[in-house]
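Residue numbers (our numbering), protein chains in the order written: chain V, 1 to 884; chain Z, 1001 to 1356.
Virtual Cβ for every residue (Gly too), placed ideally from N, Cα, C.
As the structure is a prediction and not an experimental result, all values here were calculated from the model.
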Amino acid sequence: MSSPAPGLIHRWDHSFSILSIVTFPRKRLLFAGTQDSKILVFNLPTYNLIRTITLGEGQETHTRSSVLCLERSSDEKYLFLGGADSLVRIWSIYDVDTLNSSIQVEEVATVYSVTDIGDIFSLRYLDTLETLVFGCQNASLLYLDNIFDRLLNISGATEKNIDRLPHRRYDKFFDSLGPSGHTGSPTPPTLEETSSNTIYRCCSREGQMHRILEIPSENIINYAHNGFIYSICKLCLKCSTLLGDGKKHEHVHYHDFNKSAKKASECIISGGGDGISKMWSFTKDEKGNVGVKMVTPELDNENTVLSQATEFPFLYCGLADGVIKIWDLSTKQMVSTLHTPDKYDVISISVYMDHIFAINESGTTMFYENEVVQWTPNQGKMLSSDIFVRQDAPSEKQISFLTGANDGSLTLWDLSDLMHPSPEWAESRTEFLKQQAEAANDQLPFNSEEMLNTLRDLISFQSVSQNPDTAQQLASRRCASHLSKLFSTLGAREVKLLPVRNGTNPVVLAIFQGNGANKKRILWYGHYDVVPSNQNRWHTDPFSLTCENGFMKGRGVSDNKGPLVAALYAVVHLLQGNQLANDIVFLVEGSEEIGSPGLAQVCMDYRELIGKKIDWIFLSNSTWVDRENPCLNYGLRGVINAQITVWSKEPDRHSGVDGGLHKEPTADLIKLISKLQSDDGKVLIPGFYEPLKELSAVDYKRLENVVEFADIDKKITVEELIRNWTKPSLSVTTMNISGPGNITVIPQSATIGISIRLVPEQEVAKIKQSLTDYISHCFQELSSGNHLEMTIVNEAEPWLGDPTNHAYEILKDALTLKWGKAPLFVREGGSIPCIRTLEGLFDAPAVQIPCGQSTDHAHLDNENLRIENWTYMTEILSNVFNTL
Amino acid sequence: MCRFLIFKGKEPIRLSHLLTRPAHSIINQSFDSRLRLDRRRPVNGDGFGVAYYPQDKELKQDGPCVFRAITPAWNNQNLETLAEKTESELVFAHVRASTYGILSETNCHPFSYHSLCFMHNGGISNFGKIKRRLLNTIDDEYLNFLKGSTDSECAFALFLDTLRKMGYDPARKEGDFGHSALRQALLQTIAHLRDWTKEANSGLEHVEPSLLNFAVTDGSSVVVSRYITSRVDEAASLHFSCGSSFVESAPGEYRMERLDRNQDVIMVASEPLTFERGDWTAVPTNSVLTIKNQTILLHPIIDEYYQADPLYLRSSALVERKGFMGSVPLANAVEKDVPPLEREGRSRPMSAVHQM
């Protein structure tokens, strides 16, 4: 039982149980049915919840229902749902654009029976027969054949039928004044062009089409079992025809079928509370009528059958009390019995290439030959699961496993490491790839999985640069060397670790060479260092990447490792397609959070290597101003952070013994600080406001835009935004005293920190000088016997880009294309120390592209980044890198 | 008309959650206006009974604790107290409106014999005509077991005798006969009654069918029938519900919480106890429901009264007339602790009656 646990890829949380799951691998969608009457639709590339479908009509509780089972058609055009309300609903899923997270969903039909069938526990769609089969609480098996013909043929019957729906016929049924028998079965299909395609077109054209279908009497198999019918599984036709060759077959082929075929048949196996598994054969005759026949003998599991799976020739039955029975369907013999380590009901079972995955309340158990691996996810009681193959990059295939639990959690696992590859694997993959290629019209999307793994590695380095301990110093160095290896592996032509003279973390330089004529050279600036984090205040481990609800969590995901990986893969994607036109130079430092000491020197020292001529400097080191609107940033304020200390030669003293005898440092300092600002908040440092200019009309318009469109929590006015982004400010930030902090102790020294934000018109050097002079002057005025000490902790030049230059224009177009709305042009109150330095050194304009949302919590607890923003960023940059 | 209720849970439930607190519990049903369809016997005031299997293994041996009384259930202070202070995993409860036999404690359901417990909702048609034959058939042991005078108790004696003749000893203290033996014995009992009454009634023109909703348990498995000796009429109503837990959502209002597919709580009742239509499923007429561990099984009773067409609509006129048709409660509960208005010479407004 010692084997690697699978990797947790993502986790989503919902407030009610996840009862059922179905995956649409080709459309890259996941559907989860919940106890509170909802279907959650997730997009795989971005892990985003893109849609919540609520069943029923508004607040009417009678139309709510637990979603007990979900099923898809093989062509992934339809979603079928069975619920606790005794109804089957059919949804058409079309116009899926995973890249833009858009999807059209239309409820096309509701299927009901006038008998009291109770909950619908199991549901399967037989594509060749266009037949829906479902198993119910009252032990009956119901089917509706030629669904799409029925949908097209009926008209007007809907209104009559609607009153027979279980929740509407309520009174009639119980007062027995109810439906007087049933209408005869619908006329057999006559339309030449039947089928899903027609419906599909109807939906897309008319936008609205909803039918109500009744199960005719002859399609009800009463007492198909003597217990609740918990599961139905399909027997793959193709597999059964391969029965003779004795080979293992990976179940990757699609059920291609000829719709025009006159005759067809399919097989299902139902399992119930009575412990029996029964095979049923559905056959369509020349006239298109579908009949059903039970195939003897029935398989007696001697215990409630809760779940079933097939991989020809075997049937795997998940039973009560942790028992799994394996039957050979070709001989109808029981082959083997397995037990999960804990004796809980096997609520769901999946099989892939002889690997059995059983779900029960103690966790997931994998059986493979004699191996048993159990892992306990941090979920409540698990209720549903599905296994599917994900194909993100041509070279990569991932076996994914999705599980839902009663605490509302839905988790996605990567089973690849757990599976035992077989020779047939490679063989079958070729076939799979071919089909994939045929199925996919668009180019392969970005491999967010590989990106995530890369980021996961980076996040695990505790590359803290502020007051690092030895471990963190070493981690930073390891991170740098890991990065350089990564750049090399991913195809950088030149990779070098550049030492910084003052001994701080090295700078990583990597150059990707473009093959375009007239190529430009773009410098991507990023940093691999992070700010410290208080583990106690995080909900997850800050140094291991956690993916939840479409977000990545971890220190550095937003600032700045995440955006760095996005930029890197934007380049890799182009490189792999041999399409990279421009040179991209990555300059990744390790001391951004402490003000980039030594970066300028490094750039000068290695100017030759970095490149004589740099055309653009790109960076992504801030966030949007809200959660909804993509932004481009063109202005940052500068900063001077200073500490002012007043100290005395005397030690800490007692206010009772010594109070009143001396001028005290604390009082001096407070007097001093009070001279920095007038009572109405005006900064009194001489010359502070002198160079300031009025905001231009264009800039004013941009800010107006932000106020109008951005969804900023507090009601912010343009004037406030102007003050915040384009006017200087002074804040008193920290206050410290020597001594024990006892209220009766006169401290020997007191320190106050101030943070001054500057705007482009101001010069850091000038303001700094003016500040120092002013403080010294004021201190002298006090003529106390104490001493003054002033330290500039760090400083940064303000920056103002040109939002109308070529790069911003291209970025604006790329963002608009991807997000479907024009970006807001914003400035920011914060500072990035190196941006002006780099502009000056390389004589190139900088462009700042925010990646995450305003809620990213950079520098705070629970830093996060929405995966959608991240993958979009990659695509946008990929586009921009080549169009510049 | 009578009502019965069966509870079987993975965890024990306090009896008051079944009997006294729910607005639509069978005790409260016994004076609920909606049940006054039966004009002859307006209320289930002819006594009641509760049987529960104790939690303690030793106490559980040799059958349940049975508490029966001839007072109307809503007036019984002892029942209030007992229900509030008792927990059990397996409960049978019954309120009675006598159809046959006098008002006496011995005629109240449930009946118990060692580990076995039995109750009946309905009536055997022309029982007088087959009583002698029944009594002649059964062993002395079971004849002597009879203390009351009802058709239901006789049916239980016949069941015991049938079980005995199948090779089981009904006096076994541990019970545990297995669900299939119990089902077999119950089906055989039904078959006897069906055949005998058919024989006795032959030649008669208008014979009312027998309504045979029986419930039997040995302390571990439960078997419940919904049966009528008619091809066209509906049997007395019977519903089941299962879920994760039975929770009180508002005072007097309960719902079956269904977080997953587990059947941790199973209830079978003449009429639904909660307002959620979706929580309850009707047991098909002429079938038998079995609770095996915490799993429900359903078997048809296939004989001359069976209807193969699943959509065949039996007429509920008979059971309605006789007051054996339960309905799903409406969301507005009637006030608790209010005796039938008729007793005080008052009547409910027509609008309330109309809602029925």
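Based on the DSSP output, what are the partners of residue i in its beta bridges?
{"i": "Lys-1292(Z)", "result": "Thr-1295(Z)"}
{"i": "Val-495(V)", "result": "Ala-510(V)"}
{"i": "Gln-412(V)", "result": "Note that residue 412(V) corresponds to Leu in the displayed sequence, not to Gln. DSSP output for Leu-412(V) lists His-10(V), Leu-402(V) as bridge partner(s)."}
{"i": "Phe-388(V)", "result": "Ser-400(V)"}
{"i": "Lys-649(V)", "result": "The partner list for Lys-649(V) (beta bridge, DSSP) is empty, contrary to what the question assumes."}
{"i": "Gly-33(V)", "result": "Ser-20(V), Ile-39(V)"}
{"i": "Ser-1315(Z)", "result": "Asp-1233(Z)"}
{"i": "Phe-148(V)", "result": "Answer by DSSP bridge pairing: none, since Phe-148(V) is not bridged."}
{"i": "Ala-750(V)", "result": "Val-646(V), Ile-737(V)"}
Check the C-beta distance from residue i over to residue j and give it rounded, since I have them as a contact under 8 Å.
{"i": "Leu-68(V)", "j": "Asp-119(V)", "result": "6 Å"}
{"i": "Leu-1015(Z)", "j": "Thr-1071(Z)", "result": "About 17 Å; that fails the 8 Å criterion."}
{"i": "Lys-234(V)", "j": "Arg-124(V)", "result": "5 Å"}
{"i": "Pro-728(V)", "j": "Ile-756(V)", "result": "7 Å"}
{"i": "Pro-845(V)", "j": "Trp-616(V)", "result": "6 Å"}
List the residues of chain A that residue i touches, going by C-beta distances under 7 Å, in chain order.
{"i": "Lys-381(V)", "result": "This model lacks chain A altogether, as its protein chains are V and Z."}
Rounded to the nearest angstrom, what separates residue i and residue j at their Cα positions?
{"i": "Arg-412(V)", "j": "Ile-93(V)", "result": "According to the sequence displayed, residue 412(V) carries Leu and not Arg. So the alpha carbons of these two residues sit roughly 22 Å apart."}
{"i": "Val-683(V)", "j": "Leu-758(V)", "result": "12 Å"}
{"i": "Asp-861(V)", "j": "Gln-535(V)", "result": "8 Å"}
{"i": "Gly-659(V)", "j": "Glu-592(V)", "result": "45 Å"}
{"i": "Leu-841(V)", "j": "Cys-603(V)", "result": "8 Å"}
{"i": "Leu-800(V)", "j": "Phe-825(V)", "result": "12 Å"}
{"i": "Val-1095(Z)", "j": "Ile-229(V)", "result": "33 Å"}
{"i": "Ser-1112(Z)", "j": "Ile-1006(Z)", "result": "15 Å"}
{"i": "Glu-548(V)", "j": "Tyr-47(V)", "result": "9 Å"}
{"i": "Ile-1301(Z)", "j": "Phe-388(V)", "result": "43 Å"}
{"i": "Thr-364(V)", "j": "His-573(V)", "result": "36 Å"}
{"i": "Asp-36(V)", "j": "Ser-15(V)", "result": "9 Å"}
{"i": "Gly-273(V)", "j": "His-210(V)", "result": "34 Å"}
{"i": "Val-1222(Z)", "j": "Gln-333(V)", "result": "32 Å"}
{"i": "Lys-1010(Z)", "j": "Leu-402(V)", "result": "29 Å"}
{"i": "Val-1353(Z)", "j": "Phe-134(V)", "result": "Confidence at Val-1353(Z) is low in this model, with a pLDDT of 36, below 50, so its placement is unreliable and the value that follows should be read with caution. Roughly 40 Å between the two C-alpha positions."}
{"i": "Asn-879(V)", "j": "Pro-25(V)", "result": "26 Å"}
{"i": "Thr-804(V)", "j": "Asp-652(V)", "result": "59 Å"}
{"i": "Ser-2(V)", "j": "Gln-579(V)", "result": "Here the model assigns Ser-2(V) a pLDDT of 43, short of 50, so the residue's position is not dependable and the matter cannot be decided."}
{"i": "Ile-594(V)", "j": "Arg-501(V)", "result": "15 Å"}
{"i": "Cys-778(V)", "j": "Pro-833(V)", "result": "29 Å"}
{"i": "Asp-175(V)", "j": "Ile-867(V)", "result": "Low per-residue confidence applies at Asp-175(V): pLDDT is 35, beneath 50, and the placement is therefore not dependable enough to give any value."}
Three-pair Cβ contact test at 8 Å for the region 1266-1276 of chain Z versus the region 1240-1252 of chain Z: yes
At least three beta-carbon pairs within less than 8 Å, the region 1199-1219 of chain Z to the region 1113-1121 of chain Z: yes
Residues of the region 97-122 of chain V with Cβ closer than 7 Å to any Cβ of chain Z, in chain order: Val-114, Thr-115, Asp-116, Gly-118, Phe-121
Given 8 Å, three or more beta-carbon pairs between the region 1305-1312 of chain Z and the region 1256-1267 of chain Z: no
Within 7 Å of chain V by C-beta, residues of the region 1283-1313 of chain Z in sequence order: Pro-1284, Thr-1295, Ile-1296, Leu-1297, Leu-1298, His-1299, Pro-1300, Asp-1309, Pro-1310, Leu-1311, Leu-1313
Cβ contact (3+ pairs, closer than 8 Å) linking the region 1078-1090 of chain Z and the region 1169-1187 of chain Z: no
Under 8 Å (Cβ pairs) to chain Z, residues found in the region 526-558 of chain V: none
Interface residues of the region 304-316 of chain V facing chain Z [CB-CB below 9 Å]: Thr-304, Leu-306
Meets three-Cβ-pair contact criterion under 8 Å: the region 685-698 of chain V and the region 600-615 of chain V: no
Cβ pair count under 8 Å reaching 3, the region 1217-1231 of chain Z against the region 1198-1209 of chain Z: yes
Touch test, the region 760-778 of chain V against the region 619-627 of chain V, Cβ-Cβ under 8 Å, three pairs minimum: no
Stretch-stretch touch, CB-based, cutoff 8 Å, three pairs: the region 492-511 of chain V with the region 581-590 of chain V: yes
Cβ-based contacts, 8 Å cut-off: residues of the region 325-359 of chain V near chain Z: Asp-345, Ile-347
At least 3 beta-carbon pairs within less than 8 Å: the region 548-564 of chain V vs the region 494-507 of chain V: no
The region 296-311 of chain V touching the region 263-277 of chain V, judged by at least three CB pairs closer than 8 Å: yes
The region 696-712 of chain V / the region 780-797 of chain V touching (three or more Cβ pairs under 8 Å): no
Interface residues of the region 3-20 of chain V facing chain Z [CB-CB below 8 Å]: Ser-17, Leu-19
At least three beta-carbon pairs within less than 8 Å, the region 1149-1157 of chain Z to the region 1126-1138 of chain Z: yes
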